[in-house]
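Numbering (our numbering), first residue to last: 14 to 415. Beta carbons are placed, not taken as given, at the ideal position from N, Cα and C, and that holds for glycine. Just so it is clear, the structure is predicted and the values come from calculations on it, not from any experiment. Below is one structure, written out as structure tokens; the observations come after it.
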Amino acid sequence: MQLHFARIKVPFILFISTLLWAYIQTSTLIPESWGHPLWQMTAQALETEIPARISLAPEQTITASMRLLAYGLVFILAMYYCQKFENAQKLFNWLAVAGFVYAAYGLVIYLGDFNKILWFEKTSYQKDVTSTIINRNSYATYAGLSLLCLIPNILHQFKQSATYGLNSNYGKQLFIEALITRAWLPVFMFFTVGTALFLTHSRGGFLSTTLAIITLFSILSISKKLKSRSLSYAVFAVILMAITLFSISSDKLMERMGQISVEKAERPKVYSATLQGIANNPYLGYGYGSYENSFRLYRTKEIRGNYDKAHNTYLENLFELGIPAASALFLSIFLITLQCLTGIWNRQRNWIYPAIGFSSTVLVAAHAFVDFSLQIPAIAVIYAAILGAGFAQSFNSKQNNS
Numbered sequence: 014m015q016l017h018f019a020r021i022k023v024p025f026i027l028f029i030s031t032l033l034w035a036y037i038q039t040s041t042l043i044p045e046s047w048g049h050p051l052w053q054m055t056a057q058a059l060e061t062e063i064p065a066r067i068s069l070a071p072e073q074t075i076t077a078s079m080r081l082l083a084y085g086l087v088f089i090l091a092m093y094y095c096q097k098f099e100n101a102q103k104l105f106n107w108l109a110v111a112g113f114v115y116a117a118y119g120l121v122i123y124l125g126d127f128n129k130i131l132w133f134e135k136t137s138y139q140k141d142v143t144s145t146i147i148n149r150n151s152y153a154t155y156a157g158l159s160l161l162c163l164i165p166n167i168l169h170q171f172k173q174s175a176t177y178g179l180n181s182n183y184g185k186q187l188f189i190e191a192l193i194t195r196a197w198l199p200v201f202m203f204f205t206v207g208t209a210l211f212l213t214h215s216r217g218g219f220l221s222t223t224l225a226i227i228t229l230f231s232i233l234s235i236s237k238k239l240k241s242r243s244l245s246y247a248v249f250a251v252i253l254m255a256i257t258l259f260s261i262s263s264d265k266l267m268e269r270m271g272q273i274s275v276e277k278a279e280r281p282k283v284y285s286a287t288l289q290g291i292a293n294n295p296y297l298g299y300g301y302g303s304y305e306n307s308f309r310l311y312r313t314k315e316i317r318g319n320y321d322k323a324h325n326t327y328l329e330n331l332f333e334l335g336i337p338a339a340s341a342l343f344l345s346i347f348l349i350t351l352q353c354l355t356g357i358w359n360r361q362r363n364w365i366y367p368a369i370g371f372s373s374t375v376l377v378a379a380h381a382f383v384d385f386s387l388q389i390p391a392i393a394v395i396y397a398a399i400l401g402a403g404f405a406q407s408f409n410s411k412q413n414n415s
């Protein structure tokens, strides 16, 4: 099995261009006019020579670039490994198992009122499920991705259970028996992860996951991939489970839906200040990963909280990288996701993997408008693995063997 780099040539070039620009932002070998004036002001105040850079926090830019490179490598590894559908199936199954374990741990901590994350005291979000992740919104994104990883197994179990057809009473009887003996585990895992998701009480996480699941089944319906009765039953089962979970676990979540916290009310001011920073330096940016330091130049007295992130990944990347480099990063992910969407129609079998790759992008992209989950390494690594597997499986068998 060969690794076809030609398939990702354009996204690869765009991605590497972003990394290269982030490196240039830390360099002192740049035209003097590119350096941020704050470096010159600092040099004058300290009466010493300080080489100017684009980035206001070069160390943080290097760290952020290393993380982004790691996510790209995870994508490449997943893409290579998952060219065989058996490997894609293994990857999704293990990601689902990991999601279930983390959800079970989070529920034990929550229901037992232990207020711990491993052996550390839990000092925030004590009334919410966060598992081993500090922020409930970030864990909600992880739980949503875990739910998506469970769907291929659920569909597979329903399809396998209908081996003898559903036209005869005998076939229906075997279908029900097989579901009871086979499908109970992925269904139980779905309930567990779904319950953990609802008990995060994360509005953004709930809405983005809901949008992703609706998108997934809508596309599968439009592409006519759900023609068999067993797969239709599976879709109905997933929807029924989601409705059941919603009715049981969503009381506090719905209460939060009607509330607007002080933090949320302040975010439009943060967005406005960030946009002002982008307008003042649209091409060079302030340094990838430097938002916490750079944003201080634009915060106003109306913004009381300490914002180390913009709570909008798109604005933050535009602010840090500048419009050209950030657009290259966005476009690289968009092109890969577009191939996943195309792959749903290209594949006669195993189309569920590119479908999950596409819907996972819908999930993280929607949540990125109001939060920073993709900036948490655990979330970014899982998403990169899912997208890499979905991209690899978006090509048919002949293309993979050619």
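Checklist line | Residues of its chain near A111, where Cβ-Cβ distance is below 8 Å and the 5 sequence neighbours each way are ignored | finding: S159
Next item on the list: Take the Cβ of Q289 as the centre, count every other Cβ of all protein chains shown within 10 Å, and call the residue buried at 16 or more, exposed below.
Entry: Around the C-beta of Q289, fewer than 16 other C-beta atoms lie within 10 Å, and the residue is accordingly described as exposed.
Note to self: Using CA atoms only, rank isn't needed, just tell me which of F385, I365, S137 is closest to I399.
What the structure shows: I365
Check: Among the residues of its own chain, which have a CB less than 6 Å from the CB of Y94, if the five just before and after it don't count?
Finding: N100
Check: So is the beta-carbon of T223 under 7 Å away from any non-hydrogen atom of the ligand ATP?
Finding: Looking at this structure, you won't find the ligand ATP or any other ligand, since it has none at all.
Check: Under the DSSP definition of a beta bridge, which residues are partnered with I12?
Finding: It is not possible to answer for residue 12, since the shown part of the chain is limited to 14 through 415.
Notebook entry, point to check: Quick one, which of N363, E72, L32, A56 has its alpha-carbon nearest L233's?
Noted result: N363
Note to self: Measuring only the C-alpha atoms, how far is T374 from E45?
What the structure shows: 39 Å
Checklist line | Residue of L297, L69, L328, S236 minimising C-alpha distance to A286 | finding: L328
Item checked: Proximity below 8 Å, CB of G218 to CB of G157 -> yes
Notebook entry, point to check: Hey, T350 and Q388 are a contact pair by Cβ (cut 8 Å); roughly how many whole angstroms apart?
Noted result: Wrong, their Cβ atoms sit about 19 Å apart, outside the cutoff.
Next item on the list: Please confirm whether A83 and S303 have their CB atoms less than 8 Å apart.
Entry: no
Notebook entry, point to check: Under the rule that 16 or more other beta-carbon atoms within 10 Å means buried, what is E72, buried or exposed?
Noted result: Counting the other Cβ atoms within 10 Å of the Cβ of E72 gives fewer than 16, which makes it exposed.
Next item on the list: Pull up the distance between the alpha-carbon of L32 and that of L81, whole angstroms please.
Entry: 8 Å
Notebook entry, point to check: Helix, strand or coil: how does DSSP classify G112 here?
Noted result: DSSP places G112 in helix when its eight states are reduced to three.
Margin query: Which residue wins for smallest C-alpha separation from L42, given the options L163, A391, A65, S215?
Written below: A65
Margin query: To the nearest angstrom, how far is the alpha carbon of W34 from that of L27?
Written below: 11 Å
Notebook entry, point to check: So which of F308, F88, S215, I130 has the shortest CA-CA distance to S386?
Noted result: S215
Note to self: Using only the alpha-carbon positions, how far apart do Y418 and G318 sit?
What the structure shows: Nothing in the structure corresponds to residue 418, since the chain is present only between 14 and 415.
Notebook entry, point to check: Are the Cβ atoms of K238 and I357 separated by less than 8 Å?
Noted result: Yes, the Cβ-Cβ distance between K238 and I357 is below 8 Å.
Check: When the Cα atoms are used, what is the spatial distance from M92 to A153?
Finding: 25 Å
Margin query: For P165 and F105, which I take to be in contact (beta-carbon distance under 8 Å), what is that distance rounded to the nearest angstrom?
Written below: 5 Å
Notebook entry, point to check: Excluding five sequence neighbours on each side, which residues of the same chain lie with their C-beta closer than 7 Å to the C-beta of A391?
Noted result: Answer for A391: I146, Y155, listed in chain order.
Next item on the list: Could you tell me whether the Cβ atoms of I369 and G401 are closer together than 8 Å?
Entry: No. Outside cutoff.
Notebook entry, point to check: What's the C-alpha gap between F371 and L344?
Noted result: The straight-line gap from Cα to Cα measures roughly 14 Å.
Note to self: Could you compute how far the alpha carbon of K97 sits from the alpha carbon of F408?
What the structure shows: 11 Å
Margin query: At the level of alpha carbons, what is the spacing between S415 and L86?
Written below: Model confidence at S415 stands at a pLDDT of 47, short of 50, so the residue's coordinates are unreliable and nothing is read from them.
Note to self: According to DSSP, is P64 part of a helix, a strand, or is it coil?
What the structure shows: coil
Item checked: Simplified DSSP assignment, three categories, for C95 -> coil
Check: Do L348 and N330 have their C-beta atoms closer together than 8 Å?
Finding: no
Check: A209: buried (16+ other C-beta within 10 angstroms of its C-beta) or exposed?
Finding: buried
Notebook entry, point to check: For T6 versus R149, is the C-beta distance shorter than 8 Å?
Noted result: Residue coverage of the chain in this structure runs from 14 to 415, which leaves residue 6 outside it and unanswerable.
Notebook entry, point to check: Out of P295, A339, K314, H324, which has the shortest C-alpha to C-alpha gap to E305?
Noted result: H324
Notebook entry, point to check: How many whole angstroms separate the CB atoms of S221 and L376, which I take to be in contact at a CB cut-off of 8 Å?
Noted result: With a Cβ gap of about 5 Å, S221 and L376 count as contacting.
Check: Alpha carbon to alpha carbon, how far is R312 from E333?
Finding: Spanning the two alpha carbons is a distance of roughly 15 Å.
Notebook entry, point to check: Is F105 helix, strand or coil when you go by DSSP?
Noted result: Reduced to three states, the DSSP call for F105 is helix.
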